[in-house]
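There are 2 protein chains.
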Amino acid sequence: MANPYIKQYLMTAGPTPLPPAVSQAMAQPMLYHRAPAFVEVYARALRRLKAVFQTENEVMLFAASGSGAMESAVANLVRPGEPAVVASSGKFGERWAELCDAYGARTVHWRTEWGRKVEPAELDRVLAEQPDAEVVFTTFSETSTGVVNDIRELTDVAHRHGALIAVDAVSGLGAVPLPQDDWGVDVVVAGSQKALMSPPGLAFASANGAALELAAAAPGRRFYFDWGATVSVQRKDPPDSPFTPAVGLVQALDVALGLIEDEGLAEVFERHRLLGRATRAAARTLELELFGPDDDNANVVTAIRLPQDLDGAAVPRLMRDRFGITVAGGQGHLKGRIVRIAHCGYFGAFDVVVTIAALEMTLSELGHEVELGAGVAAAQRAFLEAGVPLATPA
Amino acid sequence: MANPYIKQYLMTAGPTPLPPAVSQAMAQPMLYHRAPAFVEVYARALRRLKAVFQTENEVMLFAASGSGAMESAVANLVRPGEPAVVASSGKFGERWAELCDAYGARTVHWRTEWGRKVEPAELDRVLAEQPDAEVVFTTFSETSTGVVNDIRELTDVAHRHGALIAVDAVSGLGAVPLPQDDWGVDVVVAGSQKALMSPPGLAFASANGAALELAAAAPGRRFYFDWGATVSVQRKDPPDSPFTPAVGLVQALDVALGLIEDEGLAEVFERHRLLGRATRAAARTLELELFGPDDDNANVVTAIRLPQDLDGAAVPRLMRDRFGITVAGGQGHLKGRIVRIAHCGYFGAFDVVVTIAALEMTLSELGHEVELGAGVAAAQRAFLEAGVPLATPA
Chain A
-8 MANPYIKQYL
2 MTAGPTPLPP
12 AVSQAMAQPM
22 LYHRAPAFVE
32 VYARALRRLK
42 AVFQTENEVM
52 LFAASGSGAM
62 ESAVANLVRP
72 GEPAVVASSG
82 KFGERWAELC
92 DAYGARTVHW
102 RTEWGRKVEP
112 AELDRVLAEQ
122 PDAEVVFTTF
132 SETSTGVVND
142 IRELTDVAHR
152 HGALIAVDAV
162 SGLGAVPLPQ
172 DDWGVDVVVA
182 GSQKALMSPP
192 GLAFASANGA
202 ALELAAAAPG
212 RRFYFDWGAT
222 VSVQRKDPPD
232 SPFTPAVGLV
242 QALDVALGLI
252 EDEGLAEVFE
262 RHRLLGRATR
272 AAARTLELEL
282 FGPDDDNANV
292 VTAIRLPQDL
302 DGAAVPRLMR
312 DRFGITVAGG
322 QGHLKGRIVR
332 IAHCGYFGAF
342 DVVVTIAALE
352 MTLSELGHEV
362 ELGAGVAAAQ
372 RAFLEAGVPL
382 ATPA
Chain H
-8 MANPYIKQYL
2 MTAGPTPLPP
12 AVSQAMAQPM
22 LYHRAPAFVE
32 VYARALRRLK
42 AVFQTENEVM
52 LFAASGSGAM
62 ESAVANLVRP
72 GEPAVVASSG
82 KFGERWAELC
92 DAYGARTVHW
102 RTEWGRKVEP
112 AELDRVLAEQ
122 PDAEVVFTTF
132 SETSTGVVND
142 IRELTDVAHR
152 HGALIAVDAV
162 SGLGAVPLPQ
172 DDWGVDVVVA
182 GSQKALMSPP
192 GLAFASANGA
202 ALELAAAAPG
212 RRFYFDWGAT
222 VSVQRKDPPD
232 SPFTPAVGLV
242 QALDVALGLI
252 EDEGLAEVFE
262 RHRLLGRATR
272 AAARTLELEL
282 FGPDDDNANV
292 VTAIRLPQDL
302 DGAAVPRLMR
312 DRFGITVAGG
322 QGHLKGRIVR
332 IAHCGYFGAF
342 DVVVTIAALE
352 MTLSELGHEV
362 ELGAGVAAAQ
372 RAFLEAGVPL
382 ATPA
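Here the protein sequences come in this chain order: A and H.
For the record, in the first sequence the residue sitting at position 181 is 172 according to this note's numbering, with numbers rising by one throughout.
For the record, in the second sequence the residue sitting at position 292 is 283 according to this note's numbering, with numbers rising by one throughout.
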C-alpha cells in the first residue's frame, strides 16, 4: 500500500492527472440534463470535440470507457461471417480482434511484433489477400508499447483496397496530430481519460459519411452504441442525447477542452513532442533501451526496457510505494520487462524531471549502476534547447 | 434560460442532487485504477452495492448510463428469433421492447396503460400463450408515470411459467424495498444517478446463477456488456475491472453508498415512504389528481395531473425559470399533461415543502385557483404525524 503521507504523482497513460479546474467542475451541484444550463455545456463540449478530432463529423459521445467506443465501431461496421481485418501491434490492437470475434466476424488478424509499427506495405499485402474486407481496424498510439502508427499511410493503403479504416486513438488523440478529415480517416474513436485531461467514463466516436452509410446498411444487434440513433439526436438544435449523459463528466470534459482551445492544438502537440523528446533523451543518457522505435512522433507514452540485472516488476512498485510516483509496468508478456512513463495530457517539463529523478533513484536502490542526475540533466537540456515556454494549461 | 442568480433546486428523478460529500469525492486528485488506493475504494463500493441490492450475487459495475445495464440484460439473455416477453407500463418499459427488437428477439410486448401497474394476472395470461418464453423484462419504478410495480408477484408468475425475470430498477433501487435474493428476482439492473445519490455514468446489473447460466449458454454478440467476463474479473481478489473504470464516479458512489449504510437501508426506505406520502397528501389537498395509483409504495416520483384550465407545459418551465425549481414534465403523450416531482435519493422533508410551495405559486400565477400554503400544510402534517426524525444523510 502506498504511503498516503508521501506526495503523489500520477504518471500513467490513463487515467491521467486532471487540471484543478477540471476536478473542480465535477464538484459543482448536479444539473438536470435537459435544463438549459447543462444543454449549453453539452453543446459546447460537442463543438470542442470536433476541433480536437479536426473533423466536421458529428463526434458521438457515449457514457462508457474507451473500449465502449471501440465496440461501437465493431457493432456498427462488422457483419457476422464477413471478413474484418485487424492490424495490431500490442495489447490494445488485440482488443479489436477480440471485439470482431465477439461480433462473429471472420477476423483476419495481422499481428505486428509488440514494439514495432504496423508497416503499411504489410497491410497492403494482407488486404490484397482479402479483397472482400470492408473495414481495417488498427491503433494510433499503442499504449502498451509506446508505438505511434502512421495512420495517414495506413489509411491510404486501406482506401486503395476499397476498405474503410477505423482507428483506436484512445490514448493518442490530443497528444499527437491526427487530422481526421485531412487524412480521410473514416472512423476515429477516443476516450476522455488520456490526452484530453478528463476523468475516465466518456468515450467518443467520429465516423464519416461512408462509415455511417455502412452502419446504416445493417441495422440491429446494437442499441446503446448505435451510431445512427446517436448522431440523429446529437444533431438536433439544441443537441440531445439518447440516454442520460454523465453530466459531471461532460462538465469536466468541457472545461478540459476549453483549456486545449486556449493553449492551441498546435501548441499542445508541440508540448507533447517536447515531453517525449526529453524523456527519450533521459533514457538514452541513462543507457536504458527504448522499447519502441526512437520516433519523434511517439510522444504519448515512453516505454523503456528495464536492465536485466534487476527485478523488473519491482521498479513500478518501488517508484510508487517509496517515492509516490505511479508509473505503469508492462502488460501481458512485457510484465517486469518494461516501465512506461506517460506524458499525454496535463503534463509539463517538471513532471518528466520528477519521474526521471525517481527512476534513477529506484534503479540505484535496486542495485543497478546509474549516475544520479544524468537523466535529469538530459531532460533539462532537451527542454532548454527547445527555447519555448514550458507552461502547461492551468 | 434559468436566472443563475436565483438559488436552484433539483427535483428531477435523475440526475438527482448529490450530497456535498459525494460531490467533493470527485474533486479529489485522479487515481490510477490499478493502484491500491483505488482498488480499496472499488472493492468497498462493490461490497456496498450487494447490500443495496440485498443479494449475494456479484453486482456488475459498468461505466454507462442505466440503459447500458438494461442492454447488458438483453444482450446476455435474448436469442435472435426466440420469444422475449416485455411487460411495460410506461416509457422506460418500452425501452425493453426496443432493446429486444434491436437484438432480434421475437418480442411479445404486453403494454399496460401508462399510469397503471402491470397486473400479475395479465402477465400470467400472456405467459400461458408463450410457453417458449425464457425471460420476462419489466420495470420496478416506472419513472415516466410514478408507478411502482409488484415485482415479487410478477417474479412468482414468471417462475411458475419457467421463465426468468429481468427488472429495470434504475429509479427505484434504494428508494423502495426490492430484496432481490428474498424475492428470487433473477436480474436487477440499476443506475447511479437516482436513489443512489451519485452522479450519472455508472450502471449495475445483478444476475443470479440461473441468469448467468442462460447467458453463458449463448456467448458472443457482446463484449463491453458481457456478463461472464465482467463477473470473472470482479470476483478476483482484489477485484479487477475489464476496462478502465470511471474512477471519479466510483469514488463518488462509494461515498454515497457509505451514507446509505450509515443511515440504514430500512431507514432510507422509510424516509422515502414519508416523502411520497407527504407529496401525495399535498396534491390531494390542492385538489390535484395523482396520475398513478394512490399507492403507499410509489415513493420514487409523484406524477400529478395538471388542471386542464392552464397550459401544462408552462408549469415546469415557470417553476424553473421564475422560481429556480427544476421538476420534470410529462414524456411522450403525457407532455403538458403531468408534472413529476421526484423524491428519490438525497431528499428530505423540506425539499417537498419547497417544491409544493413553488407549485402552488406557479399554478396561481398561471391563473388556476389555489389556496397558497394549503398543500404545504398538508405535507407538514404528514411529516409531523410520522413522528420520526426528518434528517437526510449529510
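Cβ coordinates follow ideal geometry from the N, Cα and C atoms, glycine included.
All values derive from a computational prediction rather than experimental measurement.
Check each candidate in the options and name the one with the smallest Cα separation from residue i.
| i | options | result |
| --- | --- | --- |
| glutamate 280 of chain H | H:Trp101, H:Thr136, H:Arg25, H:Leu1 | H:Thr136 |
| leucine 325 of chain H | H:Ile295, H:Gly339, H:Thr317, H:Thr353 | H:Ile295 |
| aspartate 159 of chain H | H:Arg143, H:Val178, H:Asp173, H:His152 | H:Val178 |
| lysine 108 of chain H | H:Leu90, H:Ser79, H:Thr98, H:Asp123 | H:Ser79 |
| glycine 165 of chain A | A:Ala206, A:Met188, A:Thr130 | A:Met188 |
| aspartate 217 of chain H | H:Phe53, H:Pro11, H:Phe282, H:Leu37 | H:Phe53 |
| leucine 277 of chain A | A:Leu350, A:Ala194, A:Ala373, A:Val167 | A:Leu350 |
| arginine 151 of chain A | A:Glu62, A:Asp172, A:Leu114 | A:Leu114 |
| asparagine 290 of chain H | H:Leu357, H:Arg308, H:Gly163, H:Val379 | H:Gly163 |
| glutamine 171 of chain H | H:Leu145, H:Asp253, H:Leu193 | H:Leu145 |
| valine 292 of chain A | A:Ala154, A:Arg39, A:Val161, A:Val180 | A:Val161 |
| serine 132 of chain A | A:Gly106, A:Val246, A:Tyr0 | A:Gly106 |
| proline 71 of chain H | H:Pro307, H:Gln371, H:Leu256, H:Pro210 | H:Pro210 |
| methionine 389 of chain A | A:Glu47, A:Val77, A:Asn48 | No information on residue 389 of chain A is available, as it lies outside the stretch -8 to 385 that chain A covers here. |
| aspartate 302 of chain H | H:Phe314, H:Gly358, H:Gly249 | H:Gly358 |
| arginine 331 of chain H | H:Thr134, H:Arg86, H:Ala75 | H:Thr134 |
| leucine 68 of chain H | H:Ala202, H:Asp287, H:Pro11, H:Tyr215 | H:Ala202 |
| alanine 112 of chain A | A:Val246, A:Tyr337, A:Val148, A:Glu362 | A:Val148 |
Roughly how many angstroms lie between the CA atoms of residue i and residue j, to the nearest whole one?
| i | j | result |
| --- | --- | --- |
| glutamate 261 of chain A | alanine 305 of chain H | 52 angstroms |
| alanine 436 of chain H | alanine 88 of chain A | Examination of residue 436 of chain H is not possible in this model, given that chain H is present from -8 through 385 alone. |
| glycine 321 of chain A | tyrosine 94 of chain A | 29 angstroms |
| aspartate 312 of chain A | alanine 157 of chain A | 39 angstroms |
| glutamate 104 of chain A | glycine 219 of chain H | 30 angstroms |
| glutamate 125 of chain A | valine 117 of chain A | 13 angstroms |
| valine 50 of chain A | leucine 240 of chain A | 16 angstroms |
| leucine 265 of chain H | alanine 373 of chain H | 8 angstroms |
| alanine 18 of chain H | alanine 269 of chain A | 31 angstroms |
| valine 180 of chain H | valine 43 of chain H | 12 angstroms |
| valine 32 of chain A | leucine 354 of chain A | 46 angstroms |
| glycine 153 of chain H | histidine 24 of chain H | 41 angstroms |
| glutamate 110 of chain H | alanine 272 of chain H | 26 angstroms |
| threonine 130 of chain H | glycine 84 of chain H | 6 angstroms |
| arginine 328 of chain A | valine 138 of chain A | 16 angstroms |
| alanine 348 of chain H | glycine 366 of chain H | 7 angstroms |
| proline 392 of chain H | serine 14 of chain A | The structure shown does not extend to residue 392 of chain H, since chain H spans only -8 to 385, so no value can be given for it. |
| leucine 169 of chain H | proline 230 of chain A | 36 angstroms |
| alanine 194 of chain A | alanine 55 of chain A | 5 angstroms |
| tryptophan 101 of chain H | proline 74 of chain H | 13 angstroms |
| glycine 283 of chain A | glycine 81 of chain A | 11 angstroms |
Is it right to say residue i is buried, meaning 16 or more other beta carbons lie within 10 angstroms of its own, or is it exposed?
| i | result |
| --- | --- |
| lysine 227 of chain H | exposed |
| methionine -8 of chain A | Confidence is the limiting factor: at methionine -8 of chain A the pLDDT is only 49, short of 50, which leaves the residue's position unreliable and the question unanswerable from this model. |
| leucine 40 of chain A | buried |
| phenylalanine 142 of chain H | One detail in the question is off: residue 142 of chain H reads as isoleucine in this sequence, not phenylalanine. Counting Cβ neighbours within 10 Å, isoleucine 142 of chain H comes out buried, since at least 16 surround it. |
| glycine 200 of chain H | exposed |
| arginine 86 of chain H | buried |
| lysine -2 of chain A | exposed |
| tyrosine -4 of chain H | exposed |
| aspartate 245 of chain H | buried |
Beta carbon of residue i: closer than 7 angstroms to some heavy atom of the ligand HEM?
| i | result |
| --- | --- |
| arginine 97 of chain H | In the structure on display, the ligand HEM does not appear, and there are no ligands present to speak of. |
3-residue-minimum beta strand (DSSP E) runs that sit fully inside the stretch 280 to 316 of chain A, ordered along the chain: 292 to 296
In chain order, which alpha helix (DSSP H) runs of at least 4 residues are fully inside the stretch 161 to 207 of chain H? 171 to 174, 200 to 207
Contiguous beta strand (DSSP E) assignments of at least 3 residues, all confined to the stretch 67 to 128 of chain A: 74 to 79, 97 to 102
With 9 angstroms as the C-beta to C-beta threshold (strictly closer), list the residues of the stretch 17 to 28 of chain H near chain A in chain order. Met17, Ala18, Gln19, Pro20, Met21, Leu22, Tyr23, His24, Arg25, Ala26, Pro27, Ala28
Enumerated in chain order, which unbroken segments of the alpha helix (DSSP H) with a length of 4 residues or greater are wholly contained in the stretch 330 to 379 of chain A? 340 to 356, 365 to 377
Using Cβ-Cβ distances below 7 angstroms, what residues of the stretch 180 to 212 of chain A are close to chain H? Gln184, Pro190, Pro191, Gly192, Gly211, Arg212
Residues of the stretch 127 to 151 of chain A whose Cβ lies closer than 9 angstroms to any Cβ of chain H, in chain order: none
Could you run through the stretch 45 to 60 of chain A and flag, in chain order, every residue whose CB is less than 9 angstroms away from some CB of chain H? Phe53, Ala54, Ala55, Ser56, Gly57, Ser58, Gly59
Residues of the stretch 66 to 95 of chain H whose Cβ lies closer than 9 angstroms to any Cβ of chain A, in chain order: Ala66, Pro71, Arg86, Glu89, Leu90, Asp92, Ala93, Tyr94, Gly95
Taking any Cβ of chain A, which residues in the stretch -2 to 14 of chain H have a Cβ under 8 angstroms from it, in chain order? Gln(-1), Leu1, Thr3, Gly5, Pro6, Thr7, Pro8, Leu9, Ser14
Chain H contacts made by the stretch 313 to 342 of chain A, where a contact means CB separation under 8 angstroms: Thr317, Ala319
Return the residues of the stretch 345 to 364 of chain A that lie within a Cβ-Cβ distance of less than 9 angstroms from chain H, sorted by chain order. none
Contact set between the stretch 237 to 264 of chain A and chain H, restricted to residues whose Cβ is under 7 angstroms from the partner: Ala237, Val238, Gly239, Leu240
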